[in-house]
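The listed protein sequences correspond, in order, to chains A and B.
Note that the working numbering gives residue 327 to position 347 of the first sequence, counting from 1, and the numbers run on in steps of one.
Note that the working numbering gives residue 145 to position 140 of the second sequence, counting from 1, and the numbers run on in steps of one.
Just so you know, even glycine gets a beta-carbon here, dropped at the ideal spot from N, CA and C.
Have a look at the structure below before the remarks.
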Amino acid sequence: MAGLYRSLFRNRLLQQDSSSRWRLAVFAVIGLGFGVSIYVIFYRALTYFTSVFLLGPLLVVRLLSMIFLTFLAMLLFSNIVASISIFYLSEDLHLLLSTPLRLRTVFACRFAESILNSSWMVAAVCIPIFLAYGVVLKAGALFYPAAILIFLPFILIPANIGMIFTLFLTRVFPARRTREIFLLLSVGVICILIVLFRFLQPEKLANPNELMLASQFILELKAPSAPYLPSYWATTAISDALRHRWSDYLSYTGILWACAAAGYIIAYCLAKKLFYPGWWSAQESSMPAAGPVKGTGLEKFFRWLPVVPRSVLIKDIKVFRRDPTQWPQVIVLFAIVLLYLANIYNIPSTVMAKNIYTSSLLSLIFFLNIGFAGFIITAVAARFIFPSVSLEGKAFWLIRCSGLSIEKFLKEKFLLNFVPILILAEGLVVLSTVFLRVDTFMLFVSVITVFFFSLGLTALGVGLGAVYPKFNAANPAEIATSWGAVFYMILGIMYVGIILILEAGPVRLYYLRKLNWHLPSYLWWVYLSAALFILINLAVVYIPLKSGVLSLKNQED
Amino acid sequence: MDSEEKFMIEIINLTKKFRDFTAVDRLTLSVKPGEIFGFLGPNGAGKTTTLKLLMGLLKPTSGKTLINGNDIQENPREVKRITGYIPDRPYLYDKLTGYEFLKFVTAIYEVRENIESQIDRYLEMFELMPVKHHLIESYSHGMKQKLVLSAALLRQPRVLIIDEPMVGLDPRSARLVKEIFTDLSGNGVTVFLSTHSLELVEKLCHRIGIIQTGRLVALGTMKELKDQARQEAGNLEDIFLSLTGAGDTEPAFPEG
């Protein structure tokens, strides 16, 4: 089995061509950027905490405890989702389980695969955090291997618990449905955490006074720190390692390792009893429920549309409604909208109240809101519009063989995505203009800009989705986190930024003139901005769609 | 061949390379209207690649393919309008019902007349009526294959390109498909089928082409192939093995 995994890994590496190496490099740079940001944030926070008289050490430990507790919950969720997929739904299991391989061997290999799948991201985030702890608290070189010795059993324990939980769950419920529900739950939980985090306004941590408030908050937070939780053992062991209390460190690390080992043995013993019955039931439940499907009435509802776009739209709606793997996208959409509203909510209370004296300049600040809206459209499009071509999946051969030209197919995808995104974006912007009571001019600028954002970002999403399709993706999340989607996000944000920069000059001029400032005529500036605005929007609509058409035409499956 | 003769399918000096690997190598052949043409070859010989090139699912490295005189690369819409394609693996929209899928197909092919009755006719013919409103994900491989066949036939194409038509079909459906192909051929529809079923080819096809490592090694009627293989007697299996050199292989389980 180990040989098999080695061969798979080696072949994957050897298969890398120059373009995939280039993608890998971009992902590495983005990952490194995130890593450095996490390090800087923690370095700052820890440096401040350590300076707090008397309470410093307590704050440091409390923060660590919160981190470990969050990671424990995340690991538990992701291990359940991963172990259901890897132990019950992988296609190669049919081959593996038909061989005389011992269950012990299959279990061990699959367990390792499950841990790698579900824990790599937490491990990657932990590196800069531990590094920051080590550097700020001057822990010395021994701290880092000591931290690794804590981290390994710490990820093993939720993996064991997740596995045991999965073994029981799949005995009672069908594996596929259980995974779908857990996926939905975990996306929901993550979204709630992100939204809550946003509402806490982490940017305030940049201000020392606010940092003091945050530290009070951390102290007052009644985070569960029960001594029987692995997060408590890990927190205590790390604090001991930081303070060089090696005997205490060893006892807590010992507990972690003992618990991990015992958990593995229990999981394996249970697997001997429960794995095969669960696997059989998963096979039976993978037979889709036979039975007629009720009519939807969508035909009637969309009868005003021409036949081809109506058929494409109805097909997409039905597939979305009947495929639970696509539903987490809706949760993500809600989270994104909530984030937007949180930002709007924060503008008047922070920036405006302190710095703005006139209503005109108040409106100018609202200009920032267009940027938020652009970002929201980019993020929503990355989840919904970019995957729209890839979601045709392996059935895309049908479109390619049909009389429907690729040009027409992409045109339909573009129009069907543009209308809802435009309604959503304009709705949000108009709502926020009313909420913030801005003037008519800024309302006009917002509505026009958001119209072009919707147009450009839809074209960019559909076009790049066609240039980088993933027809073999198991679910839309895989498409939305692919290389193409990241590239789309980068280009989308750049486009929003450039448009804002182009508009900023003329908008500023308008307000300065309104305030009766004597300015020489800068009309050439307005004209130049308008020309560039039109040119860039034309390019953002035309180039990606044209590239998408060419790419799909040359697609070799 | 008569230079004036009209061909429905023409493959002219067609080559397809995947990096250094040549899947199809200077392939040239033609198929007349109403002809059932069998395309044979060992695994990995280039059959599926040729069919995908015919449908424009792959781009040729050199050479071209014409259907009814139209180059798929230059005039794909015209070619696709009159051609039905059935791939070896029927990937469909699993979350649609059989009926919804056929309805979708009629829409994207712009079939406007008698849609409901045509759909019901083919569902009835392939015994899919009881599962008309069931999700495709609940269909067996054979049922999916029959649904794709229905989708291709209800548009009444003039050319049918089929990759492994009998895979997954029960004997009753297989016989029905054979009858359909014969009827279609009688009505002037050209059928180009790639298969490993020598029995099907022997019974059904007017002419046969054998491809090996991307090259056409034999082309003609059964009689012409026998002549090429220098075999007086014997069936298509012997001819196939002789022409592809597979007859010289060592026994799989040597005695002793």
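Beta-carbon proximity check, residue i vs residue j, cutoff 7 Å
{"i": "leucine 63 of chain B", "j": "serine 199 of chain B", "result": "no"}
{"i": "tryptophan 237 of chain A", "j": "proline 133 of chain A", "result": "yes"}
{"i": "valine 520 of chain A", "j": "tyrosine 490 of chain A", "result": "no"}
{"i": "serine 202 of chain B", "j": "valine 196 of chain B", "result": "no"}
{"i": "glycine 142 of chain A", "j": "asparagine 59 of chain A", "result": "yes"}
{"i": "lysine 21 of chain B", "j": "alanine 28 of chain B", "result": "yes"}
{"i": "glycine 351 of chain A", "j": "phenylalanine 451 of chain A", "result": "no"}
{"i": "serine 426 of chain A", "j": "valine 399 of chain A", "result": "no"}
{"i": "glycine 383 of chain A", "j": "arginine 86 of chain B", "result": "yes"}
{"i": "isoleucine 91 of chain B", "j": "alanine 179 of chain B", "result": "no"}
{"i": "serine 211 of chain A", "j": "phenylalanine 57 of chain A", "result": "no"}
{"i": "glutamate 406 of chain A", "j": "valine 430 of chain A", "result": "yes"}
{"i": "phenylalanine 347 of chain A", "j": "valine 152 of chain A", "result": "no"}
{"i": "leucine 32 of chain B", "j": "leucine 19 of chain B", "result": "yes"}
{"i": "leucine 248 of chain B", "j": "glutamate 207 of chain B", "result": "no"}
{"i": "isoleucine 379 of chain A", "j": "phenylalanine 389 of chain A", "result": "yes"}
{"i": "glutamine 123 of chain B", "j": "leucine 181 of chain B", "result": "no"}
{"i": "alanine 139 of chain A", "j": "isoleucine 107 of chain A", "result": "no"}
{"i": "lysine 1 of chain B", "j": "tyrosine 104 of chain B", "result": "The structure shown does not extend to residue 1 of chain B, since chain B is modelled only from 6 through 261, so no value can be given for it."}
{"i": "tyrosine 19 of chain A", "j": "alanine 103 of chain A", "result": "no"}
{"i": "arginine 126 of chain B", "j": "serine 385 of chain A", "result": "no"}
{"i": "lysine 69 of chain B", "j": "isoleucine 113 of chain B", "result": "no"}
{"i": "isoleucine 41 of chain B", "j": "phenylalanine 186 of chain B", "result": "yes"}
Environment of residue i [buried if 16+ CB atoms lie within 10 Å]
{"i": "leucine 75 of chain A", "result": "exposed"}
{"i": "methionine 101 of chain A", "result": "exposed"}
{"i": "cysteine 210 of chain B", "result": "buried"}
{"i": "tyrosine 256 of chain A", "result": "exposed"}
{"i": "glycine 528 of chain A", "result": "buried"}
{"i": "serine 329 of chain A", "result": "Residue placement at serine 329 of chain A is poorly supported in this model, since its pLDDT is 47, which falls under 50; the coordinates still yield a value, given next. Exposed."}
{"i": "tyrosine 232 of chain A", "result": "buried"}
{"i": "alanine 242 of chain A", "result": "exposed"}
{"i": "phenylalanine 376 of chain A", "result": "buried"}
{"i": "serine -13 of chain A", "result": "exposed"}
{"i": "asparagine 48 of chain B", "result": "exposed"}
{"i": "lysine 588 of chain A", "result": "Since the first residue of chain A shown is -19 and the last is 537, residue 588 of chain A is not available in this structure."}
{"i": "lysine 274 of chain A", "result": "exposed"}
{"i": "leucine 515 of chain A", "result": "exposed"}
{"i": "histidine 139 of chain B", "result": "buried"}
{"i": "glutamate 115 of chain B", "result": "exposed"}
{"i": "valine 549 of chain A", "result": "Since the first and last residues shown for chain A are -19 and 537, residue 549 of chain A lies out of range."}
Beta-carbon separation (whole angstroms), residue i vs residue j, contact threshold 8 Å
{"i": "leucine 164 of chain A", "j": "proline 367 of chain A", "result": "With a Cβ gap of about 17 Å, leucine 164 of chain A and proline 367 of chain A do not count as contacting."}
{"i": "alanine 217 of chain A", "j": "tyrosine 229 of chain A", "result": "5 Å"}
{"i": "isoleucine 72 of chain B", "j": "methionine 130 of chain B", "result": "The Cβ separation is near 26 Å, so there is no contact."}
{"i": "isoleucine 144 of chain A", "j": "leucine 250 of chain A", "result": "6 Å"}
{"i": "valine 369 of chain A", "j": "glycine 271 of chain A", "result": "Not a contact, Cβ separation roughly 31 Å."}
{"i": "asparagine 517 of chain A", "j": "glycine 436 of chain A", "result": "5 Å"}
{"i": "phenylalanine 109 of chain B", "j": "isoleucine 141 of chain B", "result": "About 11 Å; that fails the 8 Å criterion."}
{"i": "glutamate 447 of chain A", "j": "leucine 404 of chain A", "result": "Looking at the sequence shown, residue 447 of chain A is not glutamate but valine. No, valine 447 of chain A and leucine 404 of chain A are not in contact; Cβ-Cβ is about 24 Å, not under 8 Å."}
{"i": "arginine 3 of chain A", "j": "isoleucine 64 of chain A", "result": "Their Cβ separation, rounded to whole angstroms, is 29 Å, which puts arginine 3 of chain A and isoleucine 64 of chain A out of contact at 8 Å."}
{"i": "valine 116 of chain A", "j": "leucine 43 of chain A", "result": "The pair is not a contact, with the Cβ atoms about 11 Å apart (cut-off 8 Å)."}
{"i": "methionine 148 of chain B", "j": "leucine 133 of chain B", "result": "6 Å"}
{"i": "glycine 258 of chain A", "j": "tyrosine 68 of chain A", "result": "7 Å"}
Which residues DSSP lists as bridging residue i, in chain order
{"i": "proline 272 of chain A", "result": "B:His139"}
{"i": "aspartate 76 of chain B", "result": "B:Leu71"}
{"i": "leucine 224 of chain B", "result": "B:Gly214"}
{"i": "tyrosine 90 of chain B", "result": "B:Ile166"}
{"i": "valine 196 of chain B", "result": "B:Ile41, B:Leu165"}
{"i": "leucine 34 of chain B", "result": "B:Ile16"}
{"i": "threonine 102 of chain B", "result": "B:Leu140"}
{"i": "valine 29 of chain B", "result": "B:Lys21"}
Short-range partners of chain A found in the stretch 50 to 66 of chain B, where Cβ spacing is below 9 Å: Lys57, Met60, Gly61, Leu62, Leu63, Lys64
Members of the stretch 76 to 100 of chain B near chain A, C-beta cut-off 7 Å: Arg82, Lys85, Arg86, Tyr90, Pro92, Tyr96, Leu97, Tyr98, Lys100
Within 9 Å of chain B by C-beta, residues of the stretch 280 to 298 of chain A in sequence order: Val287, Val288, Arg290, Ser291, Val292, Ile294, Lys295, Lys298
Residues from the stretch 123 to 135 of chain B in contact with chain A, defined by Cβ distance under 7 Å: none
Contact list for the stretch 137 to 151 of chain B against chain A, Cβ threshold 7 Å: His138, His139, Leu140, Glu142, Ser143
Residues of the stretch 371 to 385 of chain A whose Cβ lies closer than 9 Å to any Cβ of chain B, in chain order: Glu372, Gly373, Lys374, Ala375, Phe376, Trp377, Leu378, Ile379, Arg380, Cys381, Ser382, Gly383, Leu384, Ser385
Residues of the stretch 344 to 356 of chain A with Cβ closer than 7 Å to any Cβ of chain B, in chain order: none
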